[in-house]
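Asker:
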Amino acid sequence: MPKLPSYFGNFPHPPSEKKPVHLTRDSYKMFIYTGTKPYSSDLNYLLASTDQQTTGIYQLAPGSNFDPADIHAGDEVYYVLEGVVHLLNPETGQTEELGPGDAVLIPKGAPHRGYNFSDKAAVILF
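Here our numbering is used: the first residue of the sequence shown is 57, the next is one more, and so on.
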């Protein structure tokens with residue numbers, strides 16, 4: 057898995073500061089995933105990332121995928137806002153096709169790859 061920026065797990069504040077925070081578009085962190093394949097990613101937005109949860113908006117460009125497989129330290133939910141994304145667990149071969157309004161729970165430690173076989177961007181809340 058590619059190395060994540062230092063603000064993952066520490067945004068909008070470090071784990072030692074536990075308090076509610078109003079998040080606005082101006083406060084989101086923009087990032088490209090993966091840094092090793094920037095042509096496969098549109099601009100993505102990190103809304104918040106603590107030691108327990110990470111939430112953001114991910115855009116997968118038409119005809120692209122994210123690779124290497126992504127693995128998280130906690131459970132993760134993908135909710136598709138736009139487009140169609142195919143998820144693959146490379147260890148088990150399980151695949152899921154998700155469209156707008158669909159969600160999937162990815163258990164802690166489960167490797168996953170996302171593919172966009174269409175000609176339109178897929179937008180995912182994670």
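Using N, Cα and C, we set each Cβ at its ideal position, and we do this for glycine too. Because the structure is a prediction, the values reported are computed rather than measured.
(1) Along the chain, where does the beta strand (DSSP E) that runs through Phe87 open and close?
(2) Less than 8 Å between the beta carbons of Gly170 and Asn121, yes or no?
(3) Quick one: grab the DSSP three-state call for Asp158.
(4) If Pro118 and Asp175 are in contact, beta carbons under 8 Å, what's the gap, nearest whole angstrom?
(5) Can the beta-carbon of Thr151 be found closer than 8 Å to that of Leu144?
(6) How is Asp126 classed by DSSP in three states: helix, strand or coil?
(7) Can you tell me the Cα-Cα spacing of Leu181 and Asp131, whole angstroms?
(8) Measuring CA to CA, which of Lys75, Gln109 and Ile113 is closest to His128?
(9) In angstroms with no decimal places, state the Cα-to-Cα distance between Asn172 and Lys75.
(10) I'd like to know whether the C-beta atoms of Ser83 and Pro68 end up nearer to each other than 8 Å.
(11) Let's see if you can read the secondary structure: which residues bound the beta strand (DSSP E) around Glu138?
Answerer: Inspection of the coordinates gives the following:
(1) If you number the sequence shown from 1, residue 87 lands on position 31. Unbroken beta strand (DSSP E) run through Phe87: Lys85 to Phe87.
(2) Locating residue 170 in the sequence shown gives position 114, counting from the first residue. Locating residue 121 in the sequence shown gives position 65, counting from the first residue. Against a cut-off of 8 Å, the Cβ pair of Asn121 and Gly170 comes out as a contact.
(3) By 1-based counting over the sequence shown, the position of residue 158 is 102. DSSP places Asp158 in coil when its eight states are reduced to three.
(4) Translated into the one-based positions of the sequence shown, residue 118 becomes position 62. Translated into the one-based positions of the sequence shown, residue 175 becomes position 119. Going by Cβ atoms, the distance from Pro118 to Asp175 rounds to 5 Å, so yes, they are a contact pair.
(5) Position 95 of the sequence shown holds residue 151. Position 88 of the sequence shown holds residue 144. Yes, the Cβ-Cβ distance between Thr151 and Leu144 is below 8 Å.
(6) Counting from 1 along the sequence shown, the entry for residue 126 is found at position 70. Three-state result, Asp126: strand.
(7) Residue mapping note: residue 181 aligns to position 125 of the sequence shown, counting from 1. Residue mapping note: residue 131 aligns to position 75 of the sequence shown, counting from 1. The alpha-carbon atoms of Leu181 and Asp131 are separated by roughly 14 Å.
(8) Against the sequence shown, residue 128 aligns to sequence position 72. The residue with the shortest Cα to Cα distance from His128 is Gln109.
(9) The sequence position of residue 172 within the sequence shown is 116, counting from 1. The sequence position of residue 75 within the sequence shown is 19, counting from 1. Spanning the two alpha carbons is a distance of roughly 37 Å.
(10) Residue 83 sits at position 27 when you count from the first residue of the sequence shown. Residue 68 sits at position 12 when you count from the first residue of the sequence shown. Their beta carbons are under 8 Å apart, which means Ser83 touches Pro68 by this criterion.
(11) For the purposes of this step, residue 138 is taken as residue 82 along the sequence shown, with counting starting at 1. Here the beta strand (DSSP E) through Glu138 covers Glu132 to Glu138.
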